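Visitor: Take a look at the following structure, please.
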Ligand SMILES: [Ca+2]
Ligand SMILES: [Ca+2]
C-alpha cells in the first residue's frame, strides 16, 4: 500500500518580476522521465562524486511488474541522482512529489538518503530532508510532497543523495514517480443564452471580477453568443461573472482553480428593474 506522508515547504522569496506570455491554460507534469520508464533519460548521477550515470551496478533501474524505478544503495559511500528543471513563470500552482521505499534487504539503520531541493532564490536549499534507514517500514511505498508554487520562473534542482555510513552493512532504497505538476492561470469559456427563448445572446457584455470588485476581464459575446476569458487567477474565493444585455443581467459566482479551462452555459433570464 502506498502511504500518505505530506511535507509542506515554505520558502521565503522576494518579489518576482517579469511578464507572463499568452498561452493556453495548462495543468501538466514537466518532470523528464520522473517514472524512470526511460532508464536514466533526463537524470544526472554520481558515485562518490564521479559522474557514472548508467554505468554502475549500484545505480540501477529495476524492472518489476509495476515497471521501472530507481534503486540507490550498496557499498558506495555516496550515490546521487539529480535533475534540473525550469518552472515556467506562468505556472502559479506547482507541486513536487515522489514515492520512496526501503527494500527488505536493507541491513544498516544508520545509512540514510537526503532529499534536496535547491533554487537560486532559496540560496543553498529550499528543502532538505534526511530519510533514515530503519526509521520507516520496509517494503512500503511512501508519498512525499512539496509545495513549490513560489519557485515559478526559476530553475530548480532536485537530488536524492544516498549515504553509506561505513559499518560494512548496506542499505537500498527505491524511488519512483517523481512528478512536478505545474498549473497556469485559467480560461473561462461560455455561451450566453436567453432562458425564455433558449436562443444565444450576441454582443452580451461579460465582466469577471474578484471579491474586491476589481475587473479581471471584460468583453462581449461574439455572433455565436460565445466569450473566452483568459489568464484568470485561481484561488479559494469565488469570482463573479457578470453577464448583461440590455435590460437583462445576471451574476454568476464561481470558484476558479489554477490551470483549468471552464466551459459553461450562462442563462440570462430576468430583467433588471
Ligand atoms: Ca516507474
Ligand atoms: Ca551501513
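Numbering (the working numbering), first residue to last: 3 to 275. For glycine and all other residues, C-beta sits at the position ideal for the given N, C-alpha and C. In this text the structure is predicted, and so the values were computed from the model without any measurement.
1. Do you know offhand how far residue 188's Cα is from residue 158's?
2. In chain order, what are the residue ranges of uninterrupted beta strand (DSSP E) at least 3 long that sit wholly in the segment 209-272?
3. Just list the residues that DSSP pairs residue 49 with in beta bridges.
4. Give the range of the beta strand (DSSP E) segment to which residue 147 is assigned.
5. Does residue 191 come out as helix, strand or coil in the three-state DSSP assignment?
6. Consult DSSP for residue 122 and reduce its assignment to one of helix, strand or coil.
7. Could you check if residue 217 is buried or exposed, using at least 16 other CB atoms within 10 Å of its CB as the buried criterion?
8. Where the beta carbon is closer than 7 Å to any heavy atom of ligand 1, which residues qualify, in chain order?
9. Please report the residue range of the beta strand (DSSP E) in which residue 159 lies.
10. Which residues mark the beginning and the end of the beta strand (DSSP E) in which residue 171 is found?
11. So what's residue 207 in DSSP terms, helix, strand or just coil?
12. Could you check whether the Cβ of residue 163 sits closer than 7 Å to any heavy atom belonging to ligand 2?
13. Could you check where the beta strand (DSSP E) with residue 30 kicks off and where it finishes?
14. Can you name the start and end residues of the beta strand (DSSP E) that residue 91 belongs to?
15. Would residue 263 pass as a contact of residue 32 if the rule is Cβ separation under 8 Å?
16. Within 10 angstroms of its Cβ, does residue 266 collect 16 or more other Cβ (buried), or is it exposed?
17. Quick one: Cα of residue 207 to Cα of residue 242, how far?
18. The beta strand (DSSP E) that contains residue 100, what's its start and end?
19. From residue 204 to residue 177, what distance separates their C-alpha atoms?
20. Is residue 227 near residue 251, with beta carbons less than 8 Å apart?
21. DSSP three-state label for residue 183, please.
22. I believe residue 115 touches residue 162 by the beta-carbon criterion, under 8 Å. Please report the beta-carbon distance rounded to the nearest angstrom.
Guide: In brief:
1. Cα to Cα, the separation comes out at about 24 Å.
2. 217-222, 228-234, 241-247, 250-256, 263-270
3. 52, 81
4. 144-149
5. strand
6. helix
7. Per the 10 Å Cβ criterion, exposed.
8. 37, 38, 39, 68, 69, 70, 71, 178, 179
9. Residue 159 -> beta strand (DSSP E) spans 157-165.
10. Careful: residue 171 lies outside any beta strand (DSSP E) and carries neither H nor E.
11. DSSP places residue 207 within a strand segment (E or B) once states are collapsed to three.
12. no
13. For residue 30, the enclosing beta strand (DSSP E) stretches over residues 29-31.
14. Note, residue 91: premise wrong, no beta strand (DSSP E); not H, not E.
15. no
16. exposed
17. CA-to-CA, the gap between residue 207 and residue 242 works out to about 13 Å.
18. 95-104
19. 55 Å
20. no
21. Residue 183: strand per DSSP, three-state reduction.
22. Going by Cβ atoms, the distance from residue 115 to residue 162 rounds to 6 Å, so yes, they are a contact pair.
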